[in-house]
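Take a look at the structure below.
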Amino acid sequence: MAPSQRIEVGMFGKSFKKVLFVGTGGGNDVFSTTLAMSALWQTGWRWQECALAGVLSPFHRHSTVYHDIEGLSVVNKDSKRFLLRYDNQKEIGFVDARVSEMASKRPIFYMKGVYGLSIARGTAGLTETFKELSNIFDLIVLVDIGGDIFYSGPRDVHVLSPMFDAIVLRAVVNSGVPSILFEAGPGTDGELEPEALTESFTASGARMFSLHSNIDWWSDLYDHWIKPVRPGRTVPTTIAAFKSQELELTLQYQARAHLGSIRRYVYHTQRIVTDLCRKFFLVEPKLIQNPFALNCDSPYDWFVKTQVSQQRTNNEANLEYLPVHSGHGRLWQFLTPSPLFNDSERLFMMEHVLHNQLEYQVCDGYWLFESDWKLLSDKWQEFFQVSERNSLIELIQNR
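When the letters of the sequence shown are read in order and numbered with our numbering, they come out as residues 4 to 402.
Structure below.
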């Protein structure tokens, strides 16, 4: 595909009144929407006003401001993010608040406002949120840096964070609102190999454009506003790949597991084709074939329909806590260490968690894979009520 200077598909060649840029994957994706703004503006797009939105992790608590639209909240510079724990409501970094502060102090392409999108009700809730937002915004631009939104199945063995992207993708398609995906930095998130990405770009009819000099402006913005607060990996790697004189970079990435003071990591190598990182791609969301982008009514439902019914991968839910508002208790943990770890490491993590539960009553219940429980049951079943639902084992400590 040759670089083009203007989208020629329907409405996507004209100016807009209001555009909403949505970072699809959590983390620094909300900041990465600024690259999409700059690149599209230089390509000839225009809007009178725009806003940003990021995904609020369902595995954390956020102090955002109420909005009339269900599933939407306002993020300001004082918004905060906290761990979900009974014993330690620790505040952790919240890049969305930093982006909100940046927007208030530095004019950026007519940007006004930063929002948080809830995925607590899965695609069902987020679809309705997008429908309501279409009454305010003419166009929704999904923004993904790295390419994990193009997850295509078992060949993508070291995908790291597929949940948020998949839920956002399915919800925007279900909503039917005018939308486009902006993709840049293929492979810089360490999740999909370049061959898989280029095949997905071709299959989805992606249009390719030059990033021109947008990267220097974006790099300065990142260094000043984001790096001091949340120095991620994907943004600086995208910048480095853009500027590299090498045809291909081979870098080491990691999946991690944090259990209190215990830190475990497993590593893999990722190849990055630098020429792809000097381009950006525009794709109609409905043309992306992502088997994890399916209908769900909660993060738990997504987990069952992907990790149980399809393929186990590293994902955002592994070892995280999720509020449960019905049934037994209020806080449950996905006791599902990443399959990228070897069996002995995974067994150590699960036993460590169960030991802490007996000593400290950390949460109300646990979800485990049936195959994992077979390895644990002889030693641990006397301490827990054990049941099965949706092919996951549920554990509740005996009182």
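Ideal Cβ positions, reconstructed from N, Cα and C, are used throughout, including at glycine. Just so it is clear, the structure is predicted and the values come from calculations on it, not from any experiment.
Got a sec? Which residues, its chain only, sit under 7 Å from residue i by beta carbon, not counting five neighbours each side?
{"i": "S18", "result": "R49 and W50"}
{"i": "F133", "result": "I143, A174, V175, S178 and V180"}
{"i": "N359", "result": "V365"}
{"i": "E251", "result": "R274, I275, V276 and T277"}
May I ask you to check if the CB of residue i is nearer than 8 Å to at least one heavy atom of the ligand NAD?
{"i": "S222", "result": "Ligands in the displayed structure: none, and consequently the ligand NAD is not present."}
When the Cα atoms are used, what is the spatial distance from residue i to residue j?
{"i": "H328", "j": "P157", "result": "33 Å"}
{"i": "E194", "j": "K246", "result": "21 Å"}
{"i": "F140", "j": "G116", "result": "13 Å"}
{"i": "F306", "j": "A123", "result": "13 Å"}
{"i": "P424", "j": "Q310", "result": "With the chain covering only 4 through 402, there is no way to say anything about residue 424."}
{"i": "R233", "j": "I265", "result": "21 Å"}
{"i": "T272", "j": "A320", "result": "23 Å"}
{"i": "S35", "j": "W228", "result": "12 Å"}
{"i": "F112", "j": "Y69", "result": "25 Å"}
{"i": "K230", "j": "I72", "result": "32 Å"}
{"i": "L23", "j": "A54", "result": "5 Å"}
{"i": "H261", "j": "M353", "result": "12 Å"}
{"i": "H215", "j": "F283", "result": "10 Å"}
Can you tell me whether residue i is helix, strand or coil according to DSSP?
{"i": "L59", "result": "strand"}
{"i": "E73", "result": "coil"}
{"i": "Q8", "result": "At Q8, the pLDDT of 33 sits below 50, so the modelled position is not reliable; the number obtained from the coordinates is stated separately. It is coil, neither helix nor strand."}
{"i": "Q51", "result": "strand"}
{"i": "Q384", "result": "helix"}
{"i": "V269", "result": "strand"}
{"i": "A260", "result": "strand"}
{"i": "H65", "result": "strand"}
{"i": "V117", "result": "strand"}
{"i": "V232", "result": "coil"}
{"i": "L145", "result": "strand"}
{"i": "N402", "result": "One point to set straight first is that residue 402 is Arg, not Asn, in the sequence displayed. R402 falls in the coil class under three-state DSSP."}
{"i": "P326", "result": "strand"}
By Cβ distance, which residues of its chain are closer than 8 Å to residue i, with the 5 residues on each side in sequence left out?
{"i": "S121", "result": "L59, P61, G74, L75, S76, G128, L129 and T132"}
{"i": "S41", "result": "F112, N217, W220 and W221"}
Grab me the residues of residue i's own chain with a C-beta within less than 6 Å of its C-beta, minus the 5 sequence neighbours each way, in chain order.
{"i": "K20", "result": "Q51 and D141"}
{"i": "Y268", "result": "Q257 and R259"}
Is it the case that the stretch 184-192 contacts the stretch 141-155, given that we only count it when at least three CB pairs across the two stretches are under 8 Å? Contact between the stretch 141-155 and the stretch 184-192 is present, because at least three Cβ pairs lie under 8 Å.
Assess contact between the stretch 341-352 and the stretch 78-93, defined as three or more Cβ pairs (one per stretch) separated by less than 8 Å. Is contact present? Output reads no: the stretch 78-93 does not touch the stretch 341-352.
Entirely within the stretch 147-204 and at least 3 residues each: give me those beta strand (DSSP E) ranges in chain order. Complete beta strand (DSSP E) runs here, min 3: 182-187.
Closer than 8 Å is the cut-off here; do at least three beta carbon pairs connect the stretch 289-304 with the stretch 194-212? In the pairwise beta carbon analysis, the stretch 289-304 is classified as touching the stretch 194-212: at least three pairs are separated by under 8 Å.
If you scan the stretch 332-381 from start to end, which runs of the beta strand (DSSP E) of 3 or more residues do you find wholly inside it? Counting whole runs of 3 or more residues, the stretch 332-381 contains the beta strand (DSSP E) stretches 334-337 and 368-372.
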